[in-house]
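In mature numbering (1 follows the signal peptide of the UniProt record, and there is no 0), the protein residues as written are -23 to -1, 1 to 163. All residues carry an ideal CB built from backbone N, CA and C; glycine is no exception. Keep in mind that this is a model prediction, so the values were computed, not measured. The structure appears right after this line, and notes come after that.
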Amino acid sequence: MASLNDWMLLMTLFLSLSLHIASEAPSPTPTPIFVSNSLIESTCKNTGKLYTISCMKILESDPETASASNPLDLAKAALNLAVKDTRVAGKKLRVLLKSKSKPCEICVNWYDMAVGQFSMSSKEVDEDPETANYDAALANSHESADCENALASAGIHLPQIEAMIQRLKCFCRIAYAVTDALPQEF
């Protein structure tokens, strides 16, 4: 008959072997946890149903906007991002439309005007949020429709340009939403 020491030795060996085998098994890949920034989420909900998802993608993908902890920081970061993105897109648009008809200048002018409005709004958020909000609203007054109509009447249907226009429209909505969320008095 086996003694108690033999059983203990057998159990220890079994446990050691089990632990060794378990340590060699691949660990399950951790599921990425998506932590939504509630400030971004609440802001993007104010951009309208068509823009909410695009707004979330844009703002959450940028480190400055994603790390904003209050409406003022988010407004500054979002407006700076809008300025940079719109400048780059405006340059691309110029290249894409260089050989196209004159009516397309409406689109180039819209991009230039949007950069100016976003820049002004960015400078005003600290001192005069109401004026910053007004300037943000001006970035999208009627120019987007004018641009789209000019492209359509010129027979220009380039997916890249259409995507750039949608992105600028989203930035216009974002700029308005972030400045609208600012307290009107500091």
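Residue i versus residue j - alpha carbon distance
{"i": "Tyr88", "j": "Arg64", "result": "7 Å"}
{"i": "Glu120", "j": "Ala127", "result": "10 Å"}
{"i": "Tyr111", "j": "Leu74", "result": "30 Å"}
{"i": "Asp105", "j": "Pro136", "result": "38 Å"}
{"i": "Val102", "j": "Thr108", "result": "8 Å"}
{"i": "Val155", "j": "Ala131", "result": "35 Å"}
{"i": "Arg71", "j": "Cys124", "result": "13 Å"}
{"i": "Leu159", "j": "Leu51", "result": "10 Å"}
{"i": "Ala54", "j": "Thr42", "result": "5 Å"}
{"i": "Ile59", "j": "Gly67", "result": "The sequence given here places Ala at residue 59; Ile does not occur at that position. Computed Cα separation, rounded: 12 Å."}
Selected residue, minimal CA-CA separation from residue i, among the options
{"i": "Ala45", "options": "Lys75, Leu16 and Cys124", "result": "Leu16"}
{"i": "Lys61", "options": "Ile35, Ile83 and Ile133", "result": "Ile35"}
{"i": "Leu115", "options": "Thr42, Phe148, Leu58 and Tyr28", "result": "Phe148"}
Minimum Cβ-Cβ distance from residue i to chain D less than 9 Å
{"i": "Lys75", "result": "Judged by its chain identifiers, the structure shown contains no chain D, having just a single protein chain."}
*Which runs of the alpha helix (DSSP H) spanning at least 4 residues fall entirely within the segment 10 to 71, listed in chain order?*
15 to 22, 29 to 38 and 40 to 43
*asked:* Using a Cβ distance threshold of 8 Å, determine whether the segment 89 to 96 contacts the segment 33 to 48, with at least three qualifying pairs required.
replied: no
*Residue ranges of each alpha helix (DSSP H) run of no fewer than 4 residues wholly in the segment 86 to 143, ordered along the chain?*
106 to 115 and 120 to 130
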